[in-house]
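For reference, the structure discussed in these notes is given below.
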Amino acid sequence: MDAVKNTNISIIGVPLPYGADRKGVDLGPNAIRGANLHERLSSLGYAIEDLGDLRVHRTLPPPPTGEKLKYLDEIVRVNTELCSTVAAEMGKGRFPLVLGGDHSIAIGTIKGVLQHVRRLGVIWFDAHTDVNTDQTTASGNIHGMSLAAVLGYGHADLTSVGGADAKLLPENVVIIGARSIDPGERAFLKAKGIKVFTMHDIDRHGMKQVMEEAMDIVSKDTDGVHLSLDLDGMDPWDAPGVGTPVSGGMSYRESHFAMELLFERNLLVSAEFVEVNPMLDQHNKTAVAAVELIGSAFGERIL
Numbered sequence: 036m037d038a039v040k041n042t043n044i045s046i047i048g049v050p051l052p053y054g055a056d057r058k059g060v061d062l063g064p065n066a067i068r069g070a071n072l073h074e075r076l077s078s079l080g081y082a083i084e085d086l087g088d089l090r091v092h093r094t095l096p097p098p099p100t101g102e103k104l105k106y107l108d109e110i111v112r113v114n115t116e117l118c119s120t121v122a123a124e125m126g127k128g129r130f131p132l133v134l135g136g137d138h139s140i141a142i143g144t145i146k147g148v149l150q151h152v153r154r155l156g157v158i159w160f161d162a163h164t165d166v167n168t169d170q171t172t173a174s175g176n177i178h179g180m181s182l183a184a185v186l187g188y189g190h191a192d193l194t195s196v197g198g199a200d201a202k203l204l205p206e207n208v209v210i211i212g213a214r215s216i217d218p219g220e221r222a223f224l225k226a227k228g229i230k231v232f233t234m235h236d237i238d239r240h241g242m243k244q245v246m247e248e249a250m251d252i253v254s255k256d257t258d259g260v261h262l263s264l265d266l267d268g269m270d271p272w273d274a275p276g277v278g279t280p281v282s283g284g285m286s287y288r289e290s291h292f293a294m295e296l297l298f299e300r301n302l303l304v305s306a307e308f309v310e311v312n313p314m315l316d317q318h319n320k321t322a323v324a325a326v327e328l329i330g331s332a333f334g335e336r337i338l
C-alpha cells in the first residue's frame with residue numbers, strides 16, 4: 036500500500052504534568068527527543084520542524100483535597116494553545132506529531148485536528164479508557180477525562196476547547212489495550228457504544244485481527260485518523276517509565292506490529308505519544324520505546 040503521503044512533520048512538545056498530578060511526565064518531550072527522534076524520522080525521509088515546547092507554568096500550588104478537576108485552569112489554557120498550534124500546522128499542510136506530557140493533552144491535539152478534519156477517526160492505545168468526567172472520577176486527574184471531553188462530555192471548560200461543536204463521534208473511536216476501567220467508565224462506554232478491544236481480545240484474536248477491525252471502524256466514513264498512544268498501553272516490562280502502569284499490557288512486538296499495520300493502511304493525519312515519565316524510567320527505556328514505535332508508525336521496517 037501507499038506510504039504516509041505527508042512527509043512534512045511538525046513536532047510539538049507539551050510538558051504538561053498536571054493532568055496526571057505526578058512529577059516527571061513534564062520531562063517526557065525532551066526524553067523522547069533525546070532518544071534520537073529527529074534522526075530516526077529524518078532517516079526515513081521526513082522533513083522535520085520542531086516547534087519546541089509549549090509554555091507550562093511549573094510552580095502551581097497543589098489543588099484542594101478532593102478537587103474533582105485538578106489544575107483545571109492551567110490544563111484548559113495549555114490545551115487551548117495546543118489546539119491553535121496544531122490547527123496552524125495542519126493549515127500549512129504539515130503532520131502534527133505531539134509529544135507529552137500527560138494524556139490530558141489529547142484534548143488540545145484532537146480539537147486542533149478537528150479544525151481541519153471534519154469527521155475524525157481515533158485509535159486510542161491505552162491501558163485506561165479515559166472517559167471519566169468530574170461526575171465519575173475518583174482521582175480528579177484530568178488525564179482520565181480527555182477522551183470523554185473530545186466526545187463532548189464533561190466540564191464545559193474542557194469540552195469547549197476549540198469550540199464545543201468540534202467533537203468526535205463515538206462510532207469513530209476505538210480503544211485498544213484497555214485493562215483498567217472504572218465503573219463509571221464502563222457504563223459510559225456501553226451507553227455510547229464505543230468499541231473497546233481489551234487485552235482479553237488481543238489475547239484471544241491476536242493483534243492482526245484486532246488492528247484490522249479497528250482500522251476498518253475508524254476509517255469508515257471518516258476523513259482521516261488520529262493516533263493517541265499512551266505508553267502505559269504497553270506492558271510495564273517494556274515501558275516501565277509511566278505514571279500509571281498496569282500489568283498484562285501489549286508486548287513490545289505487538290505494539291510495533293500495530294504501528295506497522297497503521298502505516299500500511301496510510302490512515303494517519305496526526306499523532307501523539309504521551310505519558311513518558313523519565314523519573315520513573317529505567318535507562319530511558321520507555322522514551323526509546325516511544326521513538327521506536329514512532330519509527331514503525333512512520334514506515335520503519337526490520338528489513
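Numbering (this note's numbering), first residue to last: 36 to 338.
All residues carry an ideal CB built from backbone N, CA and C; glycine is no exception.
Computed from a predicted structure; not experimentally measured.
Query, Result
"On the criterion of 16 or more Cβ atoms from any shown chain inside 10 Å, does D256 qualify as buried, or is it exposed?", "exposed"
"Taking all protein chains shown into account, decide if I140 is buried (16 or more other Cβ within 10 angstroms of its Cβ) or exposed.", "buried"
"Between which two residues does the alpha helix (DSSP H) containing N114 stretch?", "L107 to G126"
"Suppose you measure from the CA of I44 to the CA of N65; what does that come to, to the nearest Å?", "17 Å"
"Under 8 Å: do the stretch 166-175 and the stretch 116-124 share three or more Cβ pairs, one atom per stretch?", "no"
"Fully enclosed by the stretch 283-315, which beta strand (DSSP E) runs are 3 residues long or longer?", "303-309"
"Is it buried or exposed for H163, if we count other Cβ within 10 angstroms and need 16 for buried?", "buried"
"What are the boundary residues of the alpha helix (DSSP H) that includes H329?", "Reading off the sequence shown, one finds Ile at residue 329, where the question assumed His. Looking at the DSSP string, the run of the alpha helix (DSSP H) that includes I329 is K320 to A332."
"DSSP on L134, reduced to helix/strand/coil?", "strand"
"Go ahead and label R57 buried or exposed: buried means 16 or more other beta carbons lie within 10 angstroms of its beta carbon, across all protein chains shown.", "buried"
"Could you pull the DSSP bridge partners for L264 from this structure?", "F160 and F308"
"Check whether the stretch 140-153 and the stretch 180-194 touch, using three or more Cβ-Cβ pairs below 8 Å as the test.", "yes"
"Use the C-beta contact count for M36: other C-beta atoms within 10 angstroms, 16 or more gives buried, fewer gives exposed.", "Since pLDDT at M36 reaches only 35, below the 50 mark, its modelled position is unreliable, and no value is offered."
"Give the straight-line distance between the Cα atoms of H178 and V311, rounded to the nearest whole angstrom.", "13 Å"
"Can the beta-carbon of V209 be found closer than 8 Å to that of I252?", "yes"
"So, with DSSP's three-state summary, where would you put L72?", "helix"
"Using the rule of at least 16 other Cβ atoms within 10 Å of the residue's Cβ for burial, across every protein chain shown, is T100 buried or exposed?", "exposed"
"Taking the C-alpha atoms as reference points, what is the distance between A123 and R75?", "25 Å"
"Counting beta carbon pairs with one atom in the stretch 148-157 and one in the stretch 280-295, are three or more of them shorter than 8 Å?", "no"
"Label P52 either buried or exposed according to how many other C-beta atoms from any shown protein chain fall within 10 Å of its C-beta, with 16 as the threshold for buried.", "buried"
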